[in-house]
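Trainee: Protein chains in written order, with the UniProt record's numbering: chain A, 1 to 416; chain B, 1 to 416. The beta-carbon is built from N, C-alpha and C at its ideal position, and this holds for glycine as well.
There are 2 protein chains.
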Amino acid sequence: MRDDSFMAWDRAFARRAERMRASEIRELLKLLDQPEIISFAGGIPDPALFPAEAVREAYDAVLNDPALGPQALQYSVSEGYRPLRSWIAGYMARRGVICDVENIVITSGSQQGLDLLGKLLLSAGDTALVTAPTYLGALQAFNPYEPRYGIINPMDNRSPAAIAREAVGSRIALAYVVPDFANPTGETLDEGARLRLLEMAEALDIPLIEDAAYEALRFGGKPERSCLSLDLERSGNIDRCRTVYCGTFSKTIAPGLRVGWICASRSLVQKVVLAKQAADLHSSTINQIVMHRLAASIFDAQVGKITPVYARRRDAMLAALERHMPPGVTWTRPMGGLFVWLTLPAGLDGADLLEQSLSEERVAFVPGGAFFADGSGKNSLRLNYSLQSEATIEEGVRRLGHLLGRVQGALPRNGG
Amino acid sequence: MRDDSFMAWDRAFARRAERMRASEIRELLKLLDQPEIISFAGGIPDPALFPAEAVREAYDAVLNDPALGPQALQYSVSEGYRPLRSWIAGYMARRGVICDVENIVITSGSQQGLDLLGKLLLSAGDTALVTAPTYLGALQAFNPYEPRYGIINPMDNRSPAAIAREAVGSRIALAYVVPDFANPTGETLDEGARLRLLEMAEALDIPLIEDAAYEALRFGGKPERSCLSLDLERSGNIDRCRTVYCGTFSKTIAPGLRVGWICASRSLVQKVVLAKQAADLHSSTINQIVMHRLAASIFDAQVGKITPVYARRRDAMLAALERHMPPGVTWTRPMGGLFVWLTLPAGLDGADLLEQSLSEERVAFVPGGAFFADGSGKNSLRLNYSLQSEATIEEGVRRLGHLLGRVQGALPRNGG
């Protein structure tokens, strides 16, 4: 009897947990430990580039400071460490977003920002507008709140009315985009696309979540203006902006400290602070104080140190793709960030290919299907270049090219 | 036009955010900065007792270690740092809970454990069973998932069938208790009450959330067995237990690192790991590695250092209450933890009293009403003794006693 009832209880929430199924990315990360595997599966910074010495000095200085030391180990306010929020407000201002410390709340990475925004903005059955593909972690953050997904393409000219019609009976609650060097495609939206997104959000009267995780990792060229800065130009006041900017130090300084932020209107920030308090009281006090020291002292130098390294690896990957990919395979040419996105001939499935790639070529990547809320995109895959040397990138892409050549040769003609 | 639509959008989620209204506790914490205020409002450890030197050494050792240093700054797995999980499994075993590392997931404080459990277990309209009063942070963690609350009293003999009847049409989804030195009452459940809770959870076929935040802060006497250890004795296997134990290092080592854990059946822990991944990927890597060093080296010594200090402050508070409280006021006599709970004569309102106390006596506390899910308990208040010296406790309670004497004298007789 007890077994049965216990199982019933277990089933009851298995149903709920299903919607948060294990991230294929995280599962794949486990492969990194296997010898001989060349992994393009990660989405993480190169640990050799972490500012290790500066981090050590910062923890030491904070813990040796008679005032900051005890403060760093104590509970703190949910909105975050004020000097860090203030530094971030200055950083945002340098990027065209004139705002106040009250427009900033610290989150545990930008991932937590997405979770808190999902909690505040989504009710079961609401529609969240996303691109296809989009960041898998955003889908995972939103899924527990049981939205439907609507697909938007910032490059097309579909009218907001058409988008609203497709939502049929569901309240459209938010739109989510990664405008710079997107995960997974590496693509960047131009100003026209950003303005169209803003106009759509305005016409639908919804918040626009701008995930800026990779924004600082630009390899050259003129930075695009953020959606929030364009919004601010139109509305004239940060507190009347509908764009919600999610930033992070994970790609620039180090992800292990878990420090990110949201910059938005004061009224939204106040609500995020309440959701944050309910979720985990506050982000680690000591890490926030340390991150403030690091940001204030080495942020620009650190970005200046890592971007040329990632740029050379991007170059190596694009050159290797040019050399080794068979006809019919296409890819993006990112101006920053960590990823190149491959589109395979129709009929190929990235997930099947991964199995083959691991066993026959010892090369790992992320199958593209995981990034599509609508179940499409199976003939695509994501390659990361931030973790491997240029020589290893050449070798891994060469092997992958061989595999694709073999597989493609075996494909029936005309998709038959 | 734009104004109107923007305001409509704003109102739409103001409605949702209302259910997460600002914590009265957090608001009150702001008073701690005012001079001359004697605050019994906090619920936080004394920063003078933090193991500052050991913490400094631990960060230094981790960041100087050629393998651990870069690992500490990198992304890590959602379930947490394995050596820390393994240390916690050993700690749980010492407390009668034989379990495996797979039964442990690291959370950002026990507060995040409550949020993730709410997310997994509660659907809108479900009933969460809580005591009255209960931990305010648990209500805040659960509120976004829109439960109703049912009140349980582990000391009474109400049958599970009666509890189920009261839920009228709502699915009972979980029960939540703080069995040791509860926040806010300071009270501890005896083994009989714990067994009745387990039997109730079994009869209702629901998980029992055991918030053990204060468990290690025992001032003397024989420790009670945890609900999870009693559950394990009955079920014979941790993976068939329905008790979900939430632990934390916040009250023993330091809250600023945000490291807690959940210990439960493997199947529940796996689901929490997925929810954790969606919520913030993982807790701070460096803080987990540092906390492992601290736990393994100083945990018992640190608990041995802080409990006698808190015990003397508890003694000072109980003695002062005895001396200064007017007749009609009663209070708890905690065997551990951070709080004493006062019950005032009916007709007095703790929230009104706080205003008066701040202006006339410069003493702060938390009005009890905030801790009741059912809106009752207004004639109660929570006093914290962990942050003040024994002399300050005597002075603060003396002032509070004077105020209560005055106020009570002005009360109409027979509650008229």
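#1: Can you list, in chain order, the residues of the stretch 284-303 of chain A whose Cβ is nearer than 7 Å to any Cβ on chain B?
#2: Based on the DSSP output, what are the partners of Val363(B) in its beta bridges?
#3: Beta-carbon of Val329(A) versus every beta-carbon of chain B: anything under 8 Å?
#4: Among Glu322(B), Arg323(B), Ile286(B), Val259(B), which has the Cα closest to the Cα of Gln71(B)?
#5: For Arg171(B), list the residues DSSP reports as bridge partners.
#6: Could you list the residues in the stretch 39-50 of chain B with a C-beta less than 8 Å from some C-beta on chain A, going in chain order?
#7: Can you say whether Ile98(A) is buried or exposed, counting buried as having 16 or more other CB atoms within 10 angstroms of its CB?
#8: Measuring CB to CB, does Ala162(B) end up less than 8 Å from Ile206(B)?
#9: Please return the same chain residues whose Cβ sits closer than 7 Å to the Cβ of Ala61(A), not counting the five positions on each side in sequence.
#10: Given Leu354(B), which residues of its chain have a CB within under 6 Å of its CB, disregarding the five upstream and five downstream residues?
#11: Measuring alpha carbon to alpha carbon, tell me which residue in Gly336(B), Trp87(B), Gly328(B), Ser78(B) is nearest His282(B).
#12: Please state whether DSSP places Arg19(A) in a helix, a strand or coil.
#13: Would you give the residue range spanned by the beta strand (DSSP E) that Tyr59(A) belongs to?
#14: Could you name the residues of chain A that Gly109(B) contacts, counting a contact when the two beta carbons are closer than 7 Å?
#15: Could you tell me which of Asn379(A), Trp87(A), Asp349(A), Phe181(A) sits nearest to Asp300(A), measuring between CA atoms?
#16: Could you tell me the alpha carbon to alpha carbon distance between Asp315(A) and Gly43(A), rounded to whole angstroms?
#17: At a Cβ threshold of 8 Å, is Phe372(A) touching chain B?
#18: For the beta strand (DSSP E) holding Gly375(B), just list the boundary residues, first then last.
#19: Should Gly359(B) go down as buried or exposed, given a rule of 16 or more other Cβ atoms within 10 Å for buried?
#20: Put Tyr310(B) into one of helix, strand or coil per three-state DSSP.
#21: Alpha carbon to alpha carbon, what distance is there between Ala164(A) and Gly186(B)?
#22: Would you report the Cα separation of Glu166(B) and Leu129(B), rounded to the nearest angstrom?
#23: Counting only C-beta atoms, is Gln388(A) closer than 8 Å to chain B at any point?
#24: What is the DSSP secondary structure of Ile253(A), reduced to helix, strand or coil?
#25: So residue 437(A) and Ala182(A) are supposed to be a Cβ contact under 8 Å. How far apart are they, rounded?
#26: Measure the C-alpha to C-alpha separation of Ala142(A) and Pro160(A) and round it to an integer number of angstroms.
#27: Where does Thr248(A) land, buried or exposed, given buried means 16+ other C-beta within 10 angstroms?
#28: Examine chain B for any beta-carbon lying closer than 8 Å to the beta-carbon of Leu63(A), and answer yes or no.
#29: Within the continuous alpha helix (DSSP H) that includes Leu268(A), where are the two ends?
#30: Check the Cβ of Pro35(B) against every Cβ in chain A and list those closer than 9 Å, keeping chain order.
#31: When DSSP labels each residue in this structure, what does Ala182(B) get in the three-state scheme?
#32: When the distance is taken between beta carbons, is Glu210(B) closer than 8 Å to Val244(B)?
#33: Would Glu215(B) be called buried (16 or more neighbouring beta carbons within 10 Å of its own) or exposed?
#34: State yes or no: is the beta carbon of Asn103(A) nearer than 8 Å to at least one beta carbon in chain B?
#35: Using 8 Å as the threshold, is the stretch 337-352 of chain B in touch with the stretch 380-399 of chain B, meaning 3 or more CB pairs across them?
#36: Can you list, in chain order, the residues of the stretch 67-80 of chain A whose Cβ is nearer than 9 Å to any Cβ on chain B?
Mentor: In terms of the structure at hand:
#1: Ser284, Thr285, Ile286, Asn287
#2: Ile38(B)
#3: no
#4: Ile286(B)
#5: DSSP output for Arg171(B) lists no bridge partner at all.
#6: Ile44, Pro45, Pro47, Ala48, Phe50
#7: exposed
#8: no
#9: Arg293
#10: Pro367
#11: Ser78(B)
#12: Low local confidence applies: a pLDDT of 40 at Arg19(A) is under 50, so the model's placement there is unreliable, with the coordinate-based value given in what follows. Coil at Arg19(A), not helix or strand.
#13: Counting along the chain, Tyr59(A) falls outside any beta strand (DSSP E), though it belongs to the alpha helix (DSSP H) covering 52-64.
#14: Asp280, Leu281
#15: Trp87(A)
#16: 17 Å
#17: no
#18: Taken as a continuous stretch (DSSP letters only), Gly375(B) belongs to no beta strand (DSSP E), as it is neither H nor E.
#19: The question names Gly, but residue 359(B) in the sequence shown is Ser. Ser359(B) is exposed by the Cβ-count criterion.
#20: helix
#21: 54 Å
#22: 11 Å
#23: no
#24: coil
#25: Nothing in the structure corresponds to residue 437(A), since chain A is present only between 1 and 416.
#26: What sits at residue 142(A) in the sequence shown is Phe, not Ala. One C-alpha to the other measures close to 22 Å.
#27: buried
#28: yes
#29: 266-280
#30: The contacting residues do not exist; Pro35(B) stays about 17 Å from chain A at best.
#31: coil
#32: yes
#33: buried
#34: no
#35: yes
#36: Gly69, Pro70, Gln71, Ala72, Leu73, Gln74, Tyr75, Ser76, Val77, Ser78
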